[in-house]
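Novice: Mind having a look at this structure? Questions to follow.
Dropping the structure here:
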């Protein structure tokens with residue numbers, strides 16, 4: 015079987031091909047490693063361990079040979095470099111962790127390995143997952159495969175670029191304020207952030223602990239459902255933020271019409287809420303055109319569009335950029351050159367060692383957020399900033415609950431524009447932060463949200479449709495996305511590489 019045929023396959027098709035003996039996991043790994051090296055200029059991968067990857071593939075093939083079957087058995091995946099992974103370096107895209115090798119696997123990595131998935135490599139990301147463009151990586155920016163002069167989105171830009179460029183059928187990502195959904199939108203792939211606490215944070219390098227959530231990135235909703243089924247589940251012994259909620263099969267509703275609906279209109283009875291705040295002046299016309307065309311397709315599938323309001327949407331940016339940096343300041347304080355992280359080669363005393371180690375180890379965006387977070391947590395400012403932000407966060411969550419009395423799913427754009435040019439917003443952090451206006455509120459509320467390819471905007475760059483569900487409604491979200499993907503082919507479009 016040719017490498018071209020392998021790299022064109024999604025998760026489900028490749029798993030079936032391996033199970034049927036038409037190819038092997040080893041052949042799939044070799045083909046995808048060769049393709050990844052061919053396109054290293056994209057900057058998607060940070061690390062490989064070919065011997066370990068081939069050993070995992072051989073073990074998977076041995077399981078297949080005994081007659082074992084599984085939706086991920088033998089399928090190569092890659093992990094965002096925010097998940098600690100045995101046998102691979104884990105840097106979180108930062109010089110602070112250069113060369114670090116973890117003695118254990120993150121729970122998400124372990125769960126996927128147990129399902130038979132093979133780790134192809136580690137994927138580039140914004141430093142400590144801080145960024146919207148993936149140009150904050152300490153090692154190299156990631157390039158969007160649709161236009162290599164543009165960003166792929168962030169912070170899971172390496173994951174998004176690798177999946178979009180067909181370097182790997184699927185990858186893990188993390189979403190703190192939109193870091194799965196926004197890069198998925200910018201690169202024309204599918205990504206889902208589950209309800210906060212659905213996937214264990216154990217072994218995930220922390221940025222903002224009350225917001226960070228792992229999720230899958232793949233070409234289709236069906237493949238995302240397969241990955242999420244393996245990734246999610248309670249891990250309360252090792253992660254205090256893990257929800258004690260039973261694991262479930264997220265593929266169970268795929269292709270099933272809603273209750274009372276027909277095959278011709280599988281989404282009949284579904285109420286899709288359109289927040290007026292998502293469709294205002296701040297959104298580029300080309301993005302709105304693609305989103306409205308996708309919503310018209312949903313109407314054909316039987317869904318009803320309902321106007322709703324999320325009145326505190328504009329407050330989500332100041333709230334997020336108080337809470338997230340505050341938590342980052344706390345989480346990143348451990349990297350001081352003593353027990354953890356980079357240590358400066360030359361220093362005069364302990365204080366000088368701290369200063370130099372942290373100045374050398376952290377990049378500009380990490381330093382900016384640490385400084386903001388330290389300020390808002392300092393004596394005299396805690397009540398005025400951090401506590402007030404947490405109170406508004408509660409109100410933002412209440413806005414969603416009010417909206418869900420009028421609709422089943424909320425839809426709108428993922429980002430106000432298509433992907434911008436690399437470096438275009440590097441000197442303007444506020445412009446970068448504004449790119450997350452439509453995703454932050456979902457994260458602050460801890461709700462599940464996803465990005466579904468919905469067409470193309472300016473410069474023929476991909477546009478994603480955002481779907482947001484109520485708590486624990488990932489299955490229904492994926493069903494809604496899958497029905498759209500059965501009727502359209504946006505998710506099958508690939509950049510010419």
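Residue numbers (the numbering used here): 15 to 511. Backbone N, C-alpha and C define an ideal beta-carbon position, used for all residues, glycine too.
#1: According to DSSP, simplified to helix, strand and coil, what is residue 394?
#2: Over the uninterrupted beta strand (DSSP E) stretch that includes residue 93, give me the two end residues.
#3: Looking at C-alpha atoms only, which residue of 390, 464, 468 and 420 is the closest neighbour of residue 488?
#4: Determine the closest residue to residue 45 out of 55, 56, 58 and 67, with distance taken between C-alpha atoms.
#5: Let me make sure I understand the geometry here. Which of 227, 32, 33 and 143 has the alpha-carbon closest to that of residue 457?
#6: Any idea if residue 467 is buried or exposed, counting beta-carbon neighbours within 10 angstroms, 16 or more meaning buried?
#7: DSSP on residue 260, reduced to helix/strand/coil?
#8: Put residue 365 into one of helix, strand or coil per three-state DSSP.
#9: On the three-state DSSP scale, how would you describe residue 467?
#10: Can you tell me whether residue 15 is buried or exposed, with buried defined as 16 or more other CB within 10 angstroms of its CB?
#11: In angstroms, rounded to a whole number, what distance separates the CA positions of residue 190 and residue 101?
#12: Does the count of Cβ pairs from the segment 218-235 and the segment 269-277 closer than 8 angstroms reach three?
#13: Around the Cβ of residue 122, are there at least 16 other Cβ atoms within 10 angstroms (buried) or fewer (exposed)?
#14: In the structure shown, what three-state DSSP assignment does residue 60 receive?
#15: Report back the beta-carbon spacing between residue 159 and residue 178 to the nearest angstrom; my notes put them in contact at under 8 angstroms.
#16: Report the option in 89, 106, 76 and 252 whose CA atom is closest to the CA atom of residue 23.
#17: Are residue 166 and residue 148 touching if we call contact CB-CB under 8 angstroms?
#18: Give the secondary structure of residue 110 by DSSP, where H, G and I count as helix, E and B as strand, and everything else as coil.
#19: Any chance the segment 138-147 sits against the segment 98-116, with 3 or more Cβ pairs inside 8 angstroms?
#20: To the nearest angstrom, how far is it from the Cα of residue 502 to the Cα of residue 304?
#21: Quick one, which of 444, 218 and 240 has its alpha-carbon nearest residue 253's?
#22: Among all the DSSP beta bridges, which residues are the ones paired with residue 339?
#23: Please state whether the Cβ-Cβ distance between residue 70 and residue 132 is less than 8 angstroms.
#24: Using a 10 Å radius around the Cβ and a threshold of 16 neighbouring Cβ atoms, would you call residue 343 buried or exposed?
#25: Does the distance from the CB of residue 455 to the CB of residue 384 come in under 8 angstroms?
#26: Out of 317, 225 and 377, state which residue places its alpha-carbon closest to the alpha-carbon of residue 152.
#27: Report the rounded CA-to-CA distance for residue 399 versus residue 322, giving the unit in angstroms.
#28: Buried or exposed: residue 327, going by 16 or more other Cβ atoms within 10 Å of its Cβ?
#29: By how many angstroms is the C-alpha of residue 345 removed from the C-alpha of residue 236?
#30: Exposed or buried, residue 83, counting other C-beta atoms within 10 Å across all chains shown (16 or more means buried)?
#31: Does DSSP classify residue 16 as helix, strand or coil?
#32: Measure the alpha-carbon distance for residue 129 versus residue 243 and round it to whole angstroms.
#33: DSSP three-state call for residue 348: helix, strand or coil?
#34: What's the gap between the Cα of residue 79 and the Cα of residue 282?
#35: So what's residue 318 in DSSP terms, helix, strand or just coil?
#36: For residue 72 and residue 172, which I take to be in contact (beta-carbon distance under 8 angstroms), what is that distance rounded to the nearest angstrom?
Specialist: Looking at the coordinates:
#1: coil
#2: 90-94
#3: 464
#4: 67
#5: 227
#6: buried
#7: coil
#8: helix
#9: strand
#10: Confidence at residue 15 is low in this model, with a pLDDT of 46, below 50, so the placement of that residue is unreliable and no value is reported for it.
#11: 26 angstroms
#12: no
#13: buried
#14: strand
#15: 5 angstroms
#16: 89
#17: yes
#18: helix
#19: yes
#20: 13 angstroms
#21: 218
#22: DSSP output for residue 339 lists no bridge partner at all.
#23: yes
#24: buried
#25: no
#26: 377
#27: 29 angstroms
#28: buried
#29: 35 angstroms
#30: exposed
#31: For residue 16, the predicted structure reports a pLDDT of 42, less than 50, and the residue's modelled location is therefore unreliable. The matter cannot be settled from this model.
#32: 10 angstroms
#33: helix
#34: 44 angstroms
#35: strand
#36: About 26 angstroms; that fails the 8 angstroms criterion.
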